[in-house]
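What follows is a single structure, written as structure tokens, with notes after it.
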Amino acid sequence: MTAQLVAISEGPSIVLNKPILLLGRHEECDVQIDSKKISRKHCCIILLKNKAIIRDLGSTNGVSINGKKVLEGSFVPGDELCIGNSKYILHWDSVILSGANSKPNC
């Protein structure tokens, strides 16, 4: 029951092992990314039934989905996600599709 952001540029791949994850450089973040292009609390990712949602938390360098900068947007397996300078492709196994179906607040 795991989803993963597979790195296609700099940075490690990220396992999305909770329904809501906070990403950034700060020690309180669920996923810490050590890069000057990543804000202390950069964004959060929410896993839903058949997609994921990313929400920018006022970061300096933003997030984009398939090349389009967004404050909040949904993405599905195969979509390209850019966080700071790092690019990822979303992958998940079919078990994740039976997960939560409501949109929690970040």
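Counting in this note's numbering, the sequence shown runs from 5 upward without gaps.
Virtual Cβ for every residue (Gly too), placed ideally from N, Cα, C.
| CA-to-CA distance, Glu32 to Ile69, given in whole angstroms | Translated into the one-based positions of the sequence shown, residue 69 becomes position 65. Translated into the one-based positions of the sequence shown, residue 32 becomes position 28. Computed Cα separation, rounded: 25 Å.
| query | Leaving out five residues before and five after Leu9 in sequence, what residues of the same chain have Cβ atoms less than 7 Å from its Cβ? | reply | Locating residue 9 in the sequence shown gives position 5, where the first residue counts as 1. Non-local C-beta neighbours of Leu9 in its own chain, meaning closer than 7 Å and more than five positions away in sequence, comprise Ser17, Ile18, Leu20, Leu85, Tyr92, Leu94, ordered along the chain.
| request: Output the distance between the C-alpha atoms of Lys55 and Ser43, rounded to the nearest integer angstrom. | output: Here residue 55 corresponds to residue number 51 of the sequence shown, with the count starting at 1. Here residue 43 corresponds to residue number 39 of the sequence shown, with the count starting at 1. Distance between the alpha carbons of Lys55 and Ser43: 24 Å.
| field | Assigned exposure category for Val67 - 16 Cβ within 10 Å defines buried | value | Position 63 of the sequence shown, counted from the first residue, corresponds to residue 67. Val67 comes out buried.
| query | With DSSP run on the structure shown, which of helix, strand or coil describes Ile87? | reply | Position 83 of the sequence shown holds residue 87. Ile87: strand per DSSP, three-state reduction.
| said: Between Val67 and the ligand ATP, is there a pair consisting of the residue's CB and a ligand heavy atom that are separated by less than 7 Å? | reply: Questions concerning the ligand ATP fall outside what the structure shown contains, since it holds no ligand whatsoever.
| Which residues does DSSP pair with Ile12 in a beta bridge? | Residue 12 sits at position 8 when you count from the first residue of the sequence shown. Partner(s): none; Ile12 has no beta bridge.
| request: Would you grab the beta carbon distance between His30 and Lys53 for me? Rounded to a whole angstrom, and I think it's under 8 Å. | output: Position 26 of the sequence shown, counted from the first residue, corresponds to residue 30. Position 49 of the sequence shown, counted from the first residue, corresponds to residue 53. That pair is no contact at about 29 Å.
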